[in-house]
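Visitor: Each number in this note's numbering corresponds to the 1-based position in the sequence shown with 724 added. Structure in structure tokens, see below.
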Amino acid sequence: MHSLTNSIKRIASTTFEQPYLKNTSIGYRQRIIELVILGIWISIVVFTVSQHEFWRDEVRALSLAQLAVSPFDLYEIIRQYDGHPFLWYFLLYVGNSIFHTPLVLPVTSILIAFLAVAVFMRCSPFPLWLRTLFIFSAFPLYEYSVMARNYGISMLLLFVSAVLYKNRKSKPLLLAFVLALLANTNIHSAMLVCFIMVLWILDSCVDVHTGSMRKTCSSLFPPIAIVTVGVLLCLLFTWPRPDTMMTSIKGIDGSDVLHAFMNSLVKPYYAFSDLVPLHMPHVFTIILLYLAIFGLFYRLHYVLVALGSLVTLGIFFEIVYRGYYRHQGLFLLFLIFLYWILIDSIKDTQNLRKFSKNMLYVGIYVSLSILIVMNIYKGKHLILKDINREYSSNKSFAQYLHTSEKYKDAILIPEPNYLLESFPYYDSNQIYMSRENRFGSFVSFTNDIDFVLSLPQLVDIAKELQEKYEKTVLIVIGHQEFFYRDRKRVKYSYGNKLQFTWNSEELAAFKRQTFLVKEFTSAFGDESYNVYALK
């Protein structure tokens, strides 16, 4: 054990003693190595994107941005149809306004992720081997780059905030502005911004000996105001509408919060199980997470902030919206942010108490390193799966329609309605949302829809559309049970509110009135389906 500790200390010494290696031949060679590593990273990401089929949550944001006539339209559009903060939609709106191509979606995502990993490689105080491991883990290499969503912006702005944090006294407004933008990437980042602001205030109180308390407090008022406006703006866009079906937050009581609080504190593996992807025992997850948190012991309020963010995200995941892998990754990024700014604040490790130094080394070189290595394994699995198999069937379906004289102008009726939300990225066929009685490229997740839809109703809608528009109508059914069950009531979507029903007689009638056009069932995501046409 003693030799292991000494080994960790020897490795760790490079972190504090030579983080940048400026103006030396070693530093020059390291910069060349960093550029080569970044070149390998961008090559892997671009190749994976070229093989990636975009999923509905990716294309939905682009469809909403394309709907806006001006930036001011984004507020009503996002509030009505989505409920995410505005920043990602605004970037897509600007890109689409300039270039008018769906390629804006992957290009914007790749560019943002590349800037994030470049900042991390160039500016973070971690040793080269740890920086390299991180950028080739699942989040920078896949989840926040290949998958075109708002989480890549969180990664970039979090790392930029870490760079600016050490100069917060000289440039407080710049840091506050970046944090305000970070709060408008996603609701999870807005929570983390609140903890960063608490950390900023506590750090200012700890350093108060450099000036008067009154002067310190007065200097914090403008950045607090800017960050507060950013968080409020996030809430303005994300607060659930009365008719939403995406969350049941208004039905939550105190006992639900208390139960979620205890689970987050005592059983964090419930909320963060995907961060340890090798199916390790629950106790292993608990040890890793708490070692990473208590590795910040040099400054106790850093431990409290890390613990607070763990509990807050855990509560949110349990009672508001489930935390998927991409959401859980934000907590890992936040831990990296905390270690980053903590290392930047330490001028000389020789002045650290032995216990604080050992905890810091264990936190970085044991807990964080293990978490990162595990997510390298996860990233490899995700990338190979995406390259070798289809993520969504919509690309293949669009190519099929594009080359078909008979069906290239067909009207499409999906069930579930959200099945074809990524289809508009590839082709322009009209899509009819049967539960909402309208044409559109995305679903409205509100209570103002038909919750129950039967197979005969779906056929009747197809007949009406075919007669009215004199076009072929294709029925796209993605319920896997439909392929092998003669009778079923399928419940799905948020709170299992939506239902699709059929019985053996209705199925027999459906088979008499339609024929199978083609199967698109090879996707490993949930966008697999069979396509039927009316006889």
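The C-beta atom is built at its ideal place from N, Cα and C for all residues, glycine as well. This structure is a prediction, so every number in the text was calculated from the model and none was measured.
(1) If I measure Cβ to Cβ from F1079 and keep anything under 8 angstroms in the same chain, skipping five residues before and after, which residues do I get?
(2) Hey, how far is the Cα of H983 from the Cα of F1041?
(3) Here's the rule I'm using: 16 or more other beta-carbon atoms within 10 Å means buried, otherwise exposed. How should F1244 be labelled?
(4) Taking Cβ to Cβ, would you say N908 is nearer than 8 angstroms to G954?
(5) If we require 4 or more residues per run, which alpha helix (DSSP H) segments fall completely within the segment 752 to 837?
(6) What beta strand (DSSP E) runs, 3 residues minimum, are completely inside the segment 1178 to 1202?
(7) What residues are listed by DSSP as bridge partners for Q1223?
(8) Within its chain, find whatever has a CB closer than 7 angstroms to the CB of S1120; leave out the 5 residues flanking it on each side and keep chain order.
(9) Taking the alpha carbon of M1157 as the point to measure from, which residue in I1135, T856, P946 has its own alpha carbon closest?
(10) Could you tell me the boundaries of the beta strand (DSSP E) in which Y1265 lies?
(11) Is DSSP giving L1136 helix, strand or coil here?
(12) T772: buried (16+ other C-beta within 10 angstroms of its C-beta) or exposed?
(13) Would you mind reading off the limits of the beta strand (DSSP E) that contains E1243?
(14) By a C-beta neighbour count over all protein chains shown, 10 Å radius and 16 as the cutoff for buried, is L827 buried or exposed?
(15) Touch check for the segment 1139 to 1155 and the segment 1196 to 1208: three-plus C-beta pairs under 8 angstroms?
(16) Residues in its own chain within less than 8 angstroms of R1279 by CB, not counting five upstream and five downstream?
(17) For L1059 versus A1016, is the C-beta distance shorter than 8 angstroms?
(18) So which of A862, L916, E867, F860 has the shortest CA-CA distance to A886?
(19) My output table needs one value for I976: the three-state DSSP class, helix, strand or coil.
(20) Please find out if some non-hydrogen atom of the ligand ZN comes closer than 7 angstroms to the beta-carbon of D1184.
(21) Quick one: give me the first and last residue of the alpha helix (DSSP H) that F1040 is part of.
(22) What are the start and end residues of the alpha helix (DSSP H) that includes T856?
(23) Terminal residues of the continuous alpha helix (DSSP H) containing D1110?
(24) Could you tell me the distance, in whole angstroms, from the CA atom of S1116 to the CA atom of I948?
(25) Leaving aside the five residues before and after F919 along the sequence, list all residues of the same chain whose C-beta is less than 7 angstroms from its C-beta, in chain order.
(26) When the Cα of V769 is compared with those of V1183, I1107, S1128, F1061, which residue comes out closest?
(27) Could you give the distance in angstroms between the alpha-carbon of I1010 and the alpha-carbon of V990?
(28) Checking 8 angstroms against the spacing of the C-beta atoms, do G807 and P964 come in under that value?
(29) Do L1143 and Y1253 have their beta-carbon atoms positioned less than 8 angstroms apart in this structure?
(30) So who's on the other strand from R965, going by DSSP bridges?
(31) Assess, as a yes-or-no matter, whether the segment 1160 to 1180 is touched by the segment 1098 to 1112 under the definition of 3 or more beta carbon pairs within less than 8 angstroms.
(32) How about M969 and T1170: are their beta carbons less than 8 angstroms apart?
(33) By the three-class DSSP mapping on this structure, what secondary structure does N747 have?
(34) Would G1019 pass as a contact of V1086 if the rule is Cβ separation under 8 angstroms?
(35) When you compare the segment 1218 to 1227 with the segment 1171 to 1181, are there three or more beta-carbon pairs, one atom per stretch, that lie closer than 8 angstroms?
Guide: On the basis of the data shown:
(1) F1021
(2) 12 angstroms
(3) buried
(4) yes
(5) 780 to 791, 797 to 805, 811 to 823
(6) 1197 to 1201
(7) V1176, K1215
(8) E1114, F1244
(9) I1135
(10) Residue 1265 falls outside the range modelled here, since the chain spans only 725 to 1259, and no answer is possible.
(11) strand
(12) buried
(13) 1238 to 1244
(14) exposed
(15) yes
(16) This structure cannot settle anything about residue 1279, because the visible part of the chain is limited to 725 through 1259.
(17) yes
(18) L916
(19) coil
(20) This structure lacks the ligand ZN; in fact it carries no ligand of any kind.
(21) 1024 to 1043
(22) 852 to 859
(23) 1093 to 1112
(24) 43 angstroms
(25) V1029, G1032, S1033
(26) I1107
(27) 8 angstroms
(28) yes
(29) yes
(30) Note: R965 sits in no beta bridge, so no partner.
(31) no
(32) yes
(33) Only weak support exists for where N747 lies, its pLDDT of 45 falling under 50; the value from the coordinates is given anyway. Reduced to three states, the DSSP call for N747 is coil.
(34) yes
(35) yes
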